[in-house]
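Novice: Sequential numbering of the sequence shown, starting at 4, is according to my numbering. In this text, a Cβ means the ideal position worked out from N, Cα and C, and glycines have one as well.
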Amino acid sequence: MSNSGPVAPAPPALTASAGADGALTLRAAGRLEAGTVGALWRRGNALLDEHRALRVVLDARAVTYCDAAGAAWIAHLRAEQKRRGGELAIEGLSGELERVVTLLVKIAEESAPPAARPRSTIPEDVGRGVVRVLARARAAVAFAGELAVALGSAVRRPHRLRWRELLRVVELAGSNAVLLVAMIGTLFGLILAFQAAIPLQRFGAELYIADLVALSMVRELAAILTAVVFAGRTGSAFAAELGTMKVNEELDALRTMGLDPTRFLVVPRVLAGVIVTPLLSLVMIVTGLAGAYIVLNSLGYGQAIFEYRVLQSVTF
């Protein structure tokens with residue numbers, strides 16, 4: 004008995020001949036498959052470089068089999084000829100094989116990477132940037148107009164507002180954010196108080212830490228920090244949720260059913276933000292003052308003195 008291994012497939016043949024009209028005829032024979040078609044890439048490129056014919060005919064009468072690798076090679080020849088300003092015609096395929104090769108070549112050409120765009124000039128880049136900015140500005144203005152109309156409709160007809168959705172969003176955007184806002188407010192009050200205590204101790208004015216933190220948090224910082232937290236936490240969640248609905252074509256389904264997505268989805272979220280943001284800002288103020296009190300108490304000042312200084316500096 005003789006132990007013989009698997010027989011390697013015979014490599015396909017590719018010959019060339021030039022016609023009287025200047026056309027180049029390439030004759031392929033054998034099986035155009037992944038295991039044997041590799042040599043045809045180098046051979047085909049060499050023949051195209053050698054003859055440089057504008058019209059190339061691929062004679063495939065002797066081709067017995069063709070898979071995706073063979074179709075990719077044919078697509079490569081066609082793309083190479085197109086790049087040189089010529090054309091490639093396929094002749095001699097049997098009926099069934101012609102349909103398969105045509106389909107595979109189409110798939111290979113559609114999946115090919117796009118050709119590199121020529122480098123644009125600075126005026127072109129500036130012009131494209133201006134057009135993009137104007138398009139985004141136009142979309143933002145249109146969205147603001149749609150939102151204003153939807154809010155006006157909700158004020159005139161409150162029974163049409165989705166109250167359950169509003170309460171759900173208030174819980175997600177407000178109640179679930181209290182812990183995060185409180186933590187940030189406490190840490191910010193601590194940091195402000197510690198930073199202020201260092202220079203104020205030189206003048207014996209540690210007591211005015213309460214004034215500094217109270218004025219800073221109440222007048223400006225609490226609102227800014229709350230807005231940043233709301234935009235980063237809740238705003239991004241809103242954008243992700245609505246973006247997922249758009250990708251899943253749920254917004255198109257709402258329009259098909261005659262429902263306005265702005266009134267149905269955006270208005271409850273905007274109203275929820277208007278409701279919870281001032282409340283979260285109050286939480287930020289209270290926790291910020293609590294953080295400042297911790298520092299001031301460590302310096303020897305009691306709660307009564309802290310409350311007195313806060314009420315003296317902060318008025319309605």
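1) Near Gly95, what residues of its chain come up, given a Cβ to Cβ distance below 6 angstroms and the 5 sequence neighbours on each side ignored?
2) Taking the C-alpha atoms as reference points, what is the distance between Leu164 and Gly155?
3) Would Ser5 be called buried (16 or more neighbouring beta carbons within 10 Å of its own) or exposed?
4) Let me know if Pro126 comes out buried or exposed under the rule of 16 or more other beta-carbons within 10 Å of its beta-carbon.
5) Out of Val313, Gly22 and Gly41, state which residue places its alpha-carbon closest to the alpha-carbon of Val60.
6) Tell me whether Ala26 sits in a helix, a strand or coil according to DSSP, three-state version.
7) Can you tell me whether DSSP reads Glu209 as helix, strand or coil?
8) Report yes if the CB atom of Thr237 is closer than 8 angstroms to the CB atom of Ala180, and no otherwise.
9) Looking at C-beta atoms only, is the number of pairs between the stretch 294 to 313 and the stretch 191 to 198 that lie closer than 8 angstroms three or more?
10) If Leu80 and Gly132 are in contact, beta carbons under 8 angstroms, what's the gap, nearest whole angstrom?
11) Are there 16 or more other CB atoms within 10 angstroms of the CB of Ser284, so buried, or fewer, so exposed?
12) Using CA atoms only, rank isn't needed, just tell me which of Ile201, Arg58 and Arg272 is closest to Gly25.
13) DSSP on Glu252, reduced to helix/strand/coil?
14) Under the rule that 16 or more other beta-carbon atoms within 10 Å means buried, what is Met287, buried or exposed?
15) Report the partner residues of Arg34 according to the DSSP bridge assignment.
16) For Gly73, count neighbouring Cβ atoms within 10 angstroms of its own Cβ and tell me buried if that reaches 16, exposed if not.
17) By the three-class DSSP mapping on this structure, what secondary structure does Ala19 have?
18) Per the DSSP calculation, Glu94 is bridged to which residue(s)?
19) Select from Ile212, Met248 and Arg160 the residue whose C-alpha is nearest the C-alpha of Tyr311.
20) Ends of the alpha helix (DSSP H) at Glu168?
21) Give the secondary structure of Tyr304 by DSSP, where H, G and I count as helix, E and B as strand, and everything else as coil.
22) Where does Trp76 land, buried or exposed, given buried means 16+ other C-beta within 10 angstroms?
23) Let me confirm a value: Ala140 is counted as buried when at least 16 other C-beta atoms fall within 10 Å, else exposed. Which label applies?
24) Comparing alpha-carbon positions, which option in Val216, Leu27, Ala151 and Leu203 lies nearest Phe309?
25) What span of residues does the alpha helix (DSSP H) with Asn179 cover, start to end?
Specialist: Put simply:
1) For Gly95, where only same-chain residues beyond five positions count, the Cβ hits under 6 angstroms are Asp62, Ala63 and Arg64.
2) In a straight line, the C-alpha of Leu164 is about 11 angstroms away from that of Gly155.
3) Confidence at Ser5 is low in this model, with a pLDDT of 46, below 50, so its placement is unreliable and the value that follows should be read with caution. It counts as exposed.
4) Under a 10 Å Cβ-count criterion, Pro126 is classified as exposed, with fewer than 16 other Cβ atoms of the shown protein chains found around its own Cβ.
5) The alpha carbon of Val60 has as its nearest neighbour, out of Val313, Gly22 and Gly41, the alpha carbon of Gly22.
6) Here Ala26 carries a coil assignment [DSSP, helix/strand/coil].
7) Reduced to three states, the DSSP call for Glu209 is helix.
8) Against a cut-off of 8 angstroms, the Cβ pair of Ala180 and Thr237 comes out as a contact.
9) Result yes; three or more Cβ-Cβ pairs closer than 8 angstroms.
10) 40 angstroms between Cβ atoms; not a contact.
11) Classification of Ser284: buried, given that the 10 Å Cβ count is 16 or more.
12) Out of Ile201, Arg58 and Arg272, Arg58 has the C-alpha closest to the C-alpha of Gly25.
13) Coil at Glu252, not helix or strand.
14) It is buried - the Cβ of Met287 has at least 16 other Cβ atoms within 10 Å.
15) Arg34 pairs with Tyr68.
16) It counts as buried.
17) Three-state DSSP puts Ala19 in a strand.
18) Its beta-bridge partners are Asp62.
19) The candidate whose alpha carbon is nearest that of Tyr311 is Ile212.
20) Looking at the DSSP string, the run of the alpha helix (DSSP H) that includes Glu168 is Trp166 to Ala176.
21) The answer is coil: DSSP assigns Tyr304 none of H, G, I, E or B.
22) Buried, since its Cβ has 16 or more Cβ neighbours within 10 Å.
23) Ala140 counts as exposed, since fewer than 16 other beta carbons sit within 10 angstroms of its beta carbon.
24) Comparing Cα-Cα distances from Phe309 to each of Val216, Leu27, Ala151 and Leu203, the minimum goes to Val216.
25) Looking at the DSSP string, Asn179 is not in any alpha helix (DSSP H), and its letter there is neither H nor E.
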